[in-house]
Amino acid sequence: MKNPIIAAVAFDGISPFHLSVPCLVFGADRTRLGLPRFDFRVCAMEEGPIHTDAGLSIVVPHDLSALDEADIVIIPSWKDLDAPLAAPFKEALQGAHRRAALIVGLCLGTFAIAGAGLLAGRKATTHWAYADQLQALHPDIAIDADVLYV
Numbered sequence: 354m355k356n357p358i359i360a361a362v363a364f365d366g367i368s369p370f371h372l373s374v375p376c377l378v379f380g381a382d383r384t385r386l387g388l389p390r391f392d393f394r395v396c397a398m399e400e401g402p403i404h405t406d407a408g409l410s411i412v413v414p415h416d417l418s419a420l421d422e423a424d425i426v427i428i429p430s431w432k433d434l435d436a437p438l439a440a441p442f443k444e445a446l447q448g449a450h451r452r453a454a455l456i457v458g459l460c461l462g463t464f465a466i467a468g469a470g471l472l473a474g475r476k477a478t479t480h481w482a483y484a485d486q487l488q489a490l491h492p493d494i495a496i497d498a499d500v501l502y503v
């Protein structure tokens, strides 16, 4: 049986803290604890260096083609909350969704999923301080700011 493929999406300006969460949860080998092994991949629009909001540069080993095989796609945060998604990223997310990959938005990552049109008519949440903004941008989503996940 193949290891589940998990792709975390990084971008220029990402917080290293937000990116570290899926890296620590899914990137470490914990098989000695009886937990499954994951094929964990960090990807971005293009492979290569990205710059974080903390002044660090990170070399990202995968481009968006990592989403073509991912069983789970994690968007750990987002930037430019009211800007349209870049077409290649939007298409990659929609393609992963069509293949029935689980799409996960942590914190502001919900904005990217909404921007791809994947939350229309559904219930969603985001960071409580941005819930009104998400609702204003996407009135077709039922935003619940009082829960941690849906």
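For reference, each letter of the sequence shown is one residue, going 354 to 503 in this note's numbering.
Where a beta carbon is used, it is the ideal one built from N, C-alpha and C, also for glycine.
By the Cβ neighbour-count rule, SER410 is exposed, with fewer than 16 other Cβ atoms within 10 Å of its own. CA-to-CA, the gap between ARG383 and ARG394 works out to about 16 Å.
With respect to LEU417, HIS450 sits apart: the two C-beta atoms are not nearer than 8 Å. Under DSSP, VAL362 takes part in a beta bridge, and its partners are CYS396. By a beta-carbon distance limit of 8 Å, LEU446 does not contact TYR483. Their separation comes to about 19 Å. A residue is called buried when at least 16 other Cβ atoms come within 10 angstroms of its Cβ; VAL412 does not meet this threshold and is exposed. For VAL457, the enclosing beta strand (DSSP E) covers residues 455-458.
Secondary structure within the region 415-493: the beta strand (DSSP E) runs of 3 or more consecutive residues, fully enclosed, are 425-428, 455-458 (chain order). Per the DSSP secondary-structure output, HIS404 pairs in a beta bridge with SER410. Leaving aside the five residues that flank VAL374 on each side, the residues in its chain whose CB is nearer than 7 Å to its CB run, in chain order, PRO429, LEU459. LEU501 is classed as exposed because its beta carbon has fewer than 16 other beta carbons within 10 Å across all chains shown. Burial state of ALA473 is exposed, judged by a 10 Å Cβ sphere holding fewer than 16 other Cβ atoms.
For LEU377, the closest C-alpha among the options ALA423, PHE364, ILE427 is that of ILE427.
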